[in-house]
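Colleague:
Residue numbers (the numbering used here), protein chains in the order written: chain D, 2 to 314; chain G, 1279 to 1465.
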């Protein structure tokens, strides 16, 4: 046995273990080479093929995402405040869902970027890509002037819920307020888990994003079930994730306090008939006026308004 | 309080914060498998079952982790233990009758002339179709000492990887084999 190379001996032992249960007719395996033959030792003009090393998405495409985000918010503001068109806003919602949701598979989004910003502020070694910073800051800046235009026709998580609103019930005001506090708890938890040291750090918002599994057409079964539950609930309670859980909505709501403009149902002549309050699936109309903090820029109130439709004088 | 002033203050804080973060940014960070830690490719542990957590845990369809054959290290063996299931019965060609890859993602083609009298000196090129591969690691664990030369390793494919903040595989990996690296060091 000493004549055999040691490597082959080891191979035989391993093989003996491997083949114990296999049929008798098994090839006696031994590795024919100890070093890889190269182009010159193989000869015959053989060329070693190049190993595929695909690069991540091009940088300019990442910048394009930010441009698309800004453009979509601009269009959303124009459609809601100027055109006052629910129909076109729905088209924008579908387009945003297709691009930010199904094409970009829900990444990157301002909601999740919140954690990256927190980590970058807490950990001096953490490198945050420029596009993530921009994705985080832009909707907040828009909210400072126009309210939650991002939520309306742009956010993919909002869009998927927006399109399933079927027969919304009015959530009792007190319950609505109480549940609305949950998003601040979630925000605090997300920040708490993100500022931990690198190895124990967790990104709760991304991990428990209920809809990203649909966008990627794959995901953990329990998250898909949760997402489905949110969508079924969303048929009767308008956009439950946005109103009660979205941590970014907390930041946006705070910015809208300073907003210069927002949805005004009928700027010139108001009947105070209250039809709009019934039409709003998100309970954002209080005392006949849209509350900027809660208004999700869906433009449903316009079509319910007799003045807007030209029925009333 | 003067609302315009407050708004401008908040805007300035946001813009200042953004500029601070942008200045701090130093290149793209990506996830990669550390082959020296991955139980499928590190030395030792021969005979254990292949770990397929990269397949089951990744959020990308199939997986963003694929088996990659580093051709310059490949022995181009006649009977490749990663291509054939070497414990299966021998067929009339003197080769194992079954292939190892459950998804048939490895292609084998002869290099130059095949001499049937001298099988040990026939070379074959093994090319992994990375569109079919799901990173189950079965071939990786076979192609290492003592059976193979260790040319096949699991790697994160950056055209597939969505670069999650916290990679799901890294959360599950018992060997802590996934790490974040600057993109130029990770390829």
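Yeah, the Cβ is synthetic: ideal placement off N, Cα and C, and Gly gets one too. Given the structure is predicted, the values throughout are model-derived calculations rather than measurements.
Does the beta carbon of residue 1350 of chain G sit closer than 7 Å to a beta carbon anywhere in chain D?
Modeller: Chain D, which has a Cβ nearer than 7 Å to the Cβ of residue 1350 of chain G, makes this yes.
Colleague: Tell me whether residue 289 of chain D sits in a helix, a strand or coil according to DSSP, three-state version.
Modeller: Three-state DSSP puts residue 289 of chain D in coil, outside helix and strand.
Colleague: How about residue 203 of chain D: is its C-beta nearer than 7 Å to some C-beta of chain G?
Modeller: Answer yes: the Cβ-Cβ gap between residue 203 of chain D and chain G drops below 7 Å somewhere.
Colleague: Ends of the alpha helix (DSSP H) at residue 310 of chain D?
Modeller: Where residue 310 of chain D is concerned, the enclosing alpha helix (DSSP H) stretches over 307–310.
Colleague: Could you tell me which of G/1351, G/1334, G/1431, G/1444 sits nearest to residue 1320 of chain G, measuring between CA atoms?
Modeller: With distances taken between Cα atoms, residue 1320 of chain G lies closest to G/1431.
Colleague: Apart from the five residues just before and just after residue 192 of chain D, which ones in its own chain have a Cβ nearer than 6 Å to its Cβ?
Modeller: If we look at residue 192 of chain D and ignore the five residues flanking it on each side, its Cβ neighbours are 119.
Colleague: Mind pulling the chain G residues with CB within less than 9 Å of residue 47 of chain D?
Modeller: In chain order: 1389, 1390, 1401, 1403.
Colleague: To the nearest angstrom, how far is the alpha carbon of residue 1333 of chain G from that of residue 1412 of chain G?
Modeller: Residue 1333 of chain G and residue 1412 of chain G: Cα-Cα distance of roughly 6 Å.
Colleague: List the endpoints of the continuous alpha helix (DSSP H) containing residue 257 of chain D.
Modeller: That run of the alpha helix (DSSP H) goes 248–257.
Colleague: Grab the span of the beta strand (DSSP E) containing residue 1387 of chain G for me, first residue to last.
Modeller: Looking at the DSSP string, the run of the beta strand (DSSP E) that includes residue 1387 of chain G is 1384–1389.
Colleague: Could you give the first and the last residue of the continuous alpha helix (DSSP H) run that contains residue 89 of chain D?
Modeller: Where residue 89 of chain D is concerned, the enclosing alpha helix (DSSP H) stretches over 87–97.
Colleague: Of all the CB atoms in chain D, is at least one closer than 7 Å to the CB of residue 1310 of chain G?
Modeller: With 7 Å as the cut-off, residue 1310 of chain G does not count as an interface residue toward chain D.
Colleague: I'd like the list of long-range same chain contacts for residue 22 of chain D, defined as Cβ closer than 8 Å, with 5 residues on each side in sequence excluded.
Modeller: Because the pLDDT at residue 22 of chain D is just 47, under 50, the model does not fix this residue reliably, and the value given afterwards should be weighed accordingly. There are no such residues.
Colleague: What are the residues in the region 217–246 of chain D lying within 9 Å of chain G by C-beta distance?
Modeller: From the region 217–246 of chain D, only 217, 218, 219, 220, 221 have a Cβ closer than 9 Å to chain G.
Colleague: Considering only residues of the same chain and omitting the five flanking positions on each side of residue 48 of chain D, which have a CB-CB separation below 8 Å?
Modeller: 40.
Colleague: Would you give the residue range spanned by the alpha helix (DSSP H) that residue 60 of chain D belongs to?
Modeller: Residue 60 of chain D -> alpha helix (DSSP H) spans 60–78.
Colleague: Is it right to say residue 303 of chain D is buried, meaning 16 or more other beta carbons lie within 10 angstroms of its own, or is it exposed?
Modeller: Looking at its Cβ environment, which holds 16 or more other Cβ atoms inside 10 Å, residue 303 of chain D is buried.
Colleague: Taking C-alpha atoms, which residue in D/106, D/183, D/203 lies nearest to residue 156 of chain D?
Modeller: The option with the nearest alpha carbon to residue 156 of chain D is D/106.
Colleague: Measuring CB to CB, does residue 148 of chain D end up less than 7 Å from residue 296 of chain D?
Modeller: For residue 148 of chain D and residue 296 of chain D, yes; Cβs fall inside 7 Å.
Colleague: Just the C-alpha distance for residue 1447 of chain G and residue 87 of chain D, rounded to the nearest angstrom, thanks.
Modeller: Spanning the two alpha carbons is a distance of roughly 42 Å.
Colleague: Please classify residue 184 of chain D: is it buried, with 16 or more other beta-carbons within 10 angstroms of its beta-carbon, or exposed?
Modeller: Buried, by the Cβ-count rule.
Colleague: Helix, strand or coil, according to DSSP, for residue 1380 of chain G in the structure here?
Modeller: It is coil, neither helix nor strand.
Colleague: Do you know whose CA, among D/279, D/286, D/153, D/143, lies nearest residue 1285 of chain G's CA?
Modeller: That would be D/143, whose Cα lies nearest to the Cα of residue 1285 of chain G.
Colleague: Which residues does DSSP pair with residue 27 of chain D in a beta bridge?
Modeller: According to DSSP, residue 27 of chain D bridges with G/1367.
Colleague: Anyone know if the C-beta pair for residue 1404 of chain G and residue 1384 of chain G falls short of 7 Å?
Modeller: Yes, they are a contact pair.
Colleague: If I measure Cβ to Cβ from residue 1453 of chain G and keep anything under 7 Å in the same chain, skipping five residues before and after, which residues do I get?
Modeller: The residues are 1315, 1316, 1317.
Colleague: Using a Cβ cut-off of 7 Å (strictly closer), state whether residue 1304 of chain G contacts chain D.
Modeller: Yes, because at least one Cβ of chain D sits closer than 7 Å to the Cβ of residue 1304 of chain G.
Colleague: Could you say which of D/162, D/213, D/205 lies nearest to residue 282 of chain D if we only look at CA atoms?
Modeller: Residue D/162 is the option with its Cα nearest to residue 282 of chain D.
Colleague: Residues of chain D with CB under 8 Å from residue 1408 of chain G, in chain order?
Modeller: Result: 53.
Colleague: Any beta carbon of chain G sitting closer than 7 Å to that of residue 108 of chain D?
Modeller: Judged by the 7 Å Cβ criterion, residue 108 of chain D is in contact with chain G.
Colleague: Determine the contact status of residue 102 of chain D and residue 188 of chain D, defining contact as a CB-CB distance below 7 Å.
Modeller: The answer is no: Cβ separation not under 7 Å.
Colleague: Residues of the region 1419–1434 of chain G with a CB closer than 9 Å to any CB of chain D: list them in chain order, please.
Modeller: Flagged, chain order: 1423, 1424, 1425, 1426, 1427, 1429, 1433.
Colleague: Let me check one thing: in DSSP terms, what residues is residue 1457 of chain G bridge-paired to?
Modeller: For residue 1457 of chain G, which the question treats as bridged, DSSP gives the partners G/1310.
Colleague: Between residue 1460 of chain G and residue 1305 of chain G, which are expected to be in contact by the criterion C-beta below 8 Å, what is the C-beta distance as a whole number of angstroms?
Modeller: Residue 1460 of chain G to residue 1305 of chain G, Cβ: 5 Å. Contact.
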